[in-house]
Structure formats: C-alpha cells, structure tokens
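Okay, so the sequence shown: first residue is 2 according to this note's numbering, each after it adds one.
Read the structure below first, then the notes.
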Amino acid sequence: MSFGKLLLPGIAVGCIAFMSYHLVRTHQAPPEHGPLAEPARSPYADVIAAAGLVEARTENIKVGSPEPGVVVEVLVDVGDQVKAGDALFRLDDRQILAELHVREAQLAAAQATLDRLEEMPRPEEIPPSEAKVRRAEADVVAQRDLLERREKLLAHRAVPEEEVIQRRQSLTSSIEAMLQAKAEDQLLKAGSWTHDKALARVDVARQRTLVEQYRTELDRLHIRAPVDGHVLKVDVRPGEYVGTPPGQPLVVLGDLSQMHVRIDIDEQDIARFRPGIPGEACVRGNASQKIALSFVRVEPYVQPKVSLIGNSVERVDTRVLQVIYALAPGADNMYVGQQVDAFLNAAGEATETVRTNSLASGRRLSTPSLPTSNPSATSR
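Below you can see the structure in the form of structure tokens.
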C-alpha cells in the first residue's frame, strides 16, 4: 500500500482523536469555589430577620433652598461638624442688600421726623415769640393812650370826631394783634399736635417692619444648619443656579454621634415583634462583624415595602413596619446608607422601659399596640 493511500485515513484518525480529547477536557467538572463572603447567620432560635439601613441619629436631613438663586459661596465640606445656625451656603444677596439699605434710610428719615415732633418747640423759638407778645402789648398801651388824648381834645372840640374814630379802630386792631401773638406763643409752647406725633410713630413702626422684613429675606439667602450634626453630602457648588423643587437636597446633614438602623419588619412577622426586644446586626459582606442593637422606637405606620423594579404594571403586595434600633458604640466601618442584616430575638425579653420619646428627632411617639395572636390584624 502506498503512502498516499494511508494519508487520508491517518488524518481522519487524528481528527477523531483530537475531537475526543477536546470533548473530555470540556466536560470536566469545574472546580468548586466558596462564596466571596459568608452569609449572615441568625444567633437566635426564634428570630425575626429583616433588612436594615444605617442612618444618623437625627435621620438624614436633606437641606434645600427656600429661594431660587445663584450660589455665591459654599461654606462647608463633606465631613465637617456644624452647629445649629451655622451657614452652609449663601445665595446672591446683592439685590436684597440694596433694598435693605433703602429701607434703612427711609427708617432713619421717619425716625428723624418723629424726633423733631417730639422735641418741639425748639428752645431758640421761644424768646422771639415772647418778644412778639410784649411788642403787641406795648402797641396796645400806646394806641390806648393816643385814643384817650384824642377823646379829651374832642371834648374841647379841638380835633374832629373822625380822628377819634380812627384811633379807636387802631386800638381795636392792636388788641387783636396782641391776642394773635399770645395765641401763637401758646401754640408754640404746646409743642407738636398729638395726632401728628401718632402718625409719625406709625410711620416709624411701618418702616422698621419693612427693614426687618428685608433683613429676614437677606438671612433666608444664608442657608443654615437646622440641627447640630455632620455634613454627609454636599451637592452644590459656587456659580450654580438652584431652584426650589421639592425633593432636591443640596446638603445632607446628620448627627453621627449615635448611629441608628431603620429595620423593615415584614407584615407576616409583625405579630411576633414586641417593642424592646434585643437584636444583632451584620454588615452586608462582613458576617463576622456582629453589632448589638438597642431598641429606640417604632414608627407607628405600616407602609409599602420599597423594593420596586420600575415596571408600570407592578403592584405592592408587601407592607413593612419600620423599627428604629441604635447601634452599639464602637461600630467600625459603618456609613450612613449602608445595608445590614438584622436579627431580632423574638423569644427575648423586652427592655423594662420602652422609650417612646424619639432619640432621633425629639418627637414624642406613642408605641402602637401591636397584635400578639392574630397575624391578620392591623396595627392602629
């Protein structure tokens, strides 16, 4: 048999051998890999397992802007600790500041008018007024003397009767001028009219109110921290225009001196939950880190579970009760917004004193009377 006749069968045998080898290699069992992180395991026999979200003691306060405008200065950075009333950022306030200066000038003018009315009469105006009265009195005396002289002469028919009549009219005019001078002197010494001063006081009060209004509007452009806490997020920069749409947080604050966990308890487990029972939490991805939980309060409202997929035809058929627990001090590598696996000891004893006074927000919340035997009952 020649070499050419053996070539094709040899190639076919080689291809079959390579195919068999490849099939054997591809069908080998893959190596076993363990989980990247051990799943969290419950430390209790009778447990209520739920997911939780880490939040600040004051909850996460989302600070917005009360007025639209351009940001000219951001005064805090992420991680800064602030006190209640500290400025976080500032909007452009030049227009309001100019209006405030105008109102302050108008207030100063109104106050000067009131002071002028309150101080009347001026001390410099009294001597001239008294001198005018004395001159009028002297003129009356002179006119009366001239009249008496003319009347004596008339008795001896030394002067015509018309001259006596003129002197009588001159005396009457002098008397009226004297009375006018005395009245004007009394009016000057009486000072301003009561109603004029009342109107001036009202004008001062109105101008002062306008000044306070513009000062308030100016202060509103300085957005301040409502509580003591830490700056968790800053989503605003100088030069940006910010509006006032709802749900637009520009700065997020929270008190990190005590971290809380907001736990969502499924409505099927509400019947087994009792306020005050102890629990533990594990950080997602680190089941070895066990953190003790202490009860704080119950949010007395069963609400839809937030786990939506964005489908327009989806339905929410699960409701949860939110319970707030405090993390034990010393919990490392914990951040606001981090998820934890929470395990509550359903068989454990509740604490002797269930705190209904909220440690997070200062609100007084009464602990709801939860069902203990009928799972289908709803909390009031």
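Don't be surprised by glycine CBs; every beta carbon is placed ideally from N, CA and C.
Going straight from the alpha carbon of residue i to that of residue j, what length do you get?
i, j, result
"LYS234", "ILE266", "28 angstroms"
"SER175", "ALA99", "58 angstroms"
"ILE62", "SER289", "31 angstroms"
"ALA139", "GLU131", "12 angstroms"
"ILE97", "LEU322", "47 angstroms"
"GLN214", "GLY240", "26 angstroms"
"ILE224", "ARG207", "27 angstroms"
"GLN112", "ALA137", "38 angstroms"
"GLN187", "VAL134", "10 angstroms"
"LEU24", "ASP333", "51 angstroms"
"ILE127", "LYS183", "12 angstroms"
"VAL77", "GLN249", "18 angstroms"
"MET179", "GLU185", "10 angstroms"
"ALA110", "GLU164", "57 angstroms"
"THR245", "ARG95", "20 angstroms"
"ALA46", "GLN82", "42 angstroms"
So, is the C-beta of residue i closer than 8 angstroms to a C-beta in chain D?
i, result
"ASP204", "Here chain D cannot be found, since the structure has a single protein chain."
My guess is that residue i and residue j are in contact by the Cβ rule of under 8 angstroms, so how many angstroms apart are they, rounded?
i, j, result
"VAL212", "LEU108", "5 angstroms"
"ALA329", "ALA351", "Between ALA351 and ALA329 the Cβ distance is about 18 angstroms, and since that is not below 8 angstroms, they are no contact."
"GLU268", "THR319", "7 angstroms"
"VAL243", "GLY80", "Between GLY80 and VAL243 the Cβ distance is about 22 angstroms, and since that is not below 8 angstroms, they are no contact."
"SER295", "ARG58", "Actually they are not in contact, since the Cβ atoms of SER295 and ARG58 sit about 13 angstroms apart, beyond 8 angstroms."
"LEU89", "VAL262", "With a Cβ gap of about 27 angstroms, LEU89 and VAL262 do not count as contacting."
"VAL382", "ALA327", "Residue 382 lies beyond the residue range present for the chain, which begins at 2 and ends at 381; the question has no answer from this structure."
"LEU92", "LEU222", "4 angstroms"
Report the three-state DSSP secondary structure of residue i (helix, strand or coil).
i, result
"HIS23", "helix"
"ASP204", "helix"
"GLU261", "Glu is not the amino acid found at residue 261; the sequence shown has His there. Correct three-state label for HIS261: strand."
"LEU147", "helix"
"PRO301", "strand"
"ALA50", "strand"
"LYS133", "helix"
"ARG320", "strand"
"GLU74", "strand"
"THR368", "Residue confidence is low: THR368 scores 37 on pLDDT, short of 50, so the model does not pin down where it sits. No coordinate-derived value is stated."
"ILE97", "helix"
"GLY230", "strand"
"TYR336", "coil"
"VAL79", "coil"
"GLY363", "Here the model assigns GLY363 a pLDDT of 40, short of 50, so the residue's position is not dependable and the matter cannot be decided."
"CYS16", "helix"
"VAL103", "helix"
"ASP140", "helix"
"ASP267", "strand"
"ILE127", "helix"
Where DSSP assigns a beta bridge to residue i, which residues make up the other side?
i, result
"CYS1", "Because the chain here runs from 2 to 381, residue 1 falls outside it and cannot be looked at."
"ALA88", "ARG225"
"GLU56", "HIS261"
"PHE296", "TYR326"
"LYS63", "VAL253"
"LYS190", "BP columns for LYS190 are empty, so no partner."
"LYS198", "Per DSSP, none; premise fails for LYS198."
"VAL235", "VAL252"
"TYR242", "VAL71"
Discussion item. Would the stretch 54–73 count as touching the stretch 268–281 if we require 3 or more Cβ pairs under 8 angstroms?
Written reply: no
Worksheet item: Is the stretch 226–244 touching the stretch 287–299, taking contact as three or more C-beta pairs under 8 angstroms?
Response: no
Practice prompt. Determine contact between the stretch 248–256 and the stretch 10–21, defined as no fewer than three beta-carbon pairs at a distance below 8 angstroms.
Written response: no
Item to complete: For the stretch 132–147 and the stretch 158–175, state whether three or more C-beta atom pairs, one from each stretch, are separated by less than 8 angstroms.
Response: yes
Discussion item. So, does the stretch 87–104 touch the stretch 150–157, judging by three or more C-beta pairs under 8 angstroms?
Written reply: no
Worksheet item: Three or more beta-carbon pairs under 8 angstroms between the stretch 187–194 and the stretch 116–123, yes or no?
Response: yes
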